[in-house]
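Asker:
Residue numbers (the numbering used here): 25 to 403.
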């Protein structure tokens, strides 16, 4: 089968969507499918994998995203011969997908990876909330009607999509990760290299250092936990526009020796960093079905998150970690309990590994391939 994946962002940028698409493409190719990836991009990156088509675009500051206004002739010709189109963003690549699906009568799948309702509020603050919400609902109502199939990674995300005005049947297909890579990591990083004491209890966060991830709130809550329990340290893995302001906040909170920023880390090294930690924490409420929580479970890390769609779909509260209410007291008390109770962490670790096993990239790819085949047969 000839499959086209269309996305607004890809390597060298690093985020959950990029990792998901890369794993999906690799898995489908290993099964003998012909997979092409189309992405608006600059010209300063050389791909190390086959069948990646870069569509010239204008960069959006330092976000990793590019805007293209039209497909080049090579892209149009390739897309015209595809059996199915799978778009991973509804705007730039989504528009390209709709054009080709209509022009060449090809079925198109859309997977929702993002809480666009929250991102609109975060990044379009100049607009009144009512205006941005209405615009979002109007767009998704129109966009979804022209898709052959809609995919949500969880039931709660499917419900949110319906609130946006999405029309038609939504298929729930959970995200997946390379479980074995995290269950059996390469121990190539040491605590000493990160100035982490051997006897420290290490909480870790992995992800983009940006406002929607609420890392400033995480640091403020960690300050409370650190004051109550001296052995606990916090490791923050990732890069982003707020990295330096967050370093400064850690200094202002007198956490300099207890918070460890690694900066950007290659995705292939994330399992080794997780192997240094005792549990995973995040204060973000903007997630959809976050790969980092699944990866943490596969690595045997109990997870602490805030009750919100996506996070609550992954953590089994009280078994694989804790789902805190969205207030400082609830989060802080559970953070402290995980830090202090080694026996609890050990029990949760075993359960987290077991719970993560079905959430593999192979299962995700298999379900998607079944959907592609069904749509192709209906063509």
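Glycine included, every Cβ here is placed at the ideal spot set by N, Cα and C.
Which class does residue 29 belong to by DSSP, given the choice of helix, strand or coil?
Answerer: strand
Asker: Residue 286 to residue 317, Cα distance in whole Å?
Answerer: 19 Å
Asker: Rounded to whole angstroms, what's the CA-CA distance from residue 398 to residue 80? Just pull it up for me.
Answerer: 33 Å
Asker: Identify every run of the alpha helix (DSSP H) within the region 112 to 162, keeping only runs that are complete inside it and at least 4 residues long; order them along the chain.
Answerer: 116 to 128, 140 to 147
Asker: Can you tell me where the alpha helix (DSSP H) with residue 295 in it begins and where it stops?
Answerer: 294 to 298
Asker: Return the chain-ordered ranges of every alpha helix (DSSP H) run that is complete within the region 185 to 273 and spans a minimum of 4 residues.
Answerer: 203 to 207, 239 to 252
Asker: In chain order, what residues of the same chain lie with their CB nearer than 7 Å to the CB of residue 291, ignoring the 5 residues before and after it?
Answerer: For residue 291, the CB contacts under 7 Å within the same chain, skipping 5 residues up- and downstream, are 38, 43 in chain order.
Asker: So, using beta-carbon positions, are residue 349 and residue 331 closer together than 8 Å?
Answerer: yes
Asker: Assuming residue 202 contacts residue 47 under a Cβ cut-off of 8 Å, what Cβ separation, rounded to an integer in Å, is found between them?
Answerer: 6 Å
Asker: Output the boundary residues of the beta strand (DSSP E) element that contains residue 286.
Answerer: 283 to 287
Asker: Relative to the C-alpha of residue 254, which candidate in 168, 224, 352 has its C-alpha closest?
Answerer: 224
Asker: Would the region 233 to 242 and the region 259 to 268 be scored as touching if the rule is three or more Cβ pairs under 8 Å?
Answerer: yes
Asker: Tell me, which residues are paired with residue 90 by DSSP?
Answerer: 83
Asker: Have a look at the DSSP bridge pairing and note the partners of residue 405.
Answerer: This structure cannot speak to residue 405, because the chain is shown only from 25 to 403.
Asker: Which residues mark the beginning and the end of the alpha helix (DSSP H) in which residue 345 is found?
Answerer: It is not in any alpha helix (DSSP H) - residue 345 instead sits in the beta strand (DSSP E) that spans 345 to 348.
Asker: Quick one: give me the first and last residue of the beta strand (DSSP E) that residue 328 is part of.
Answerer: 327 to 330
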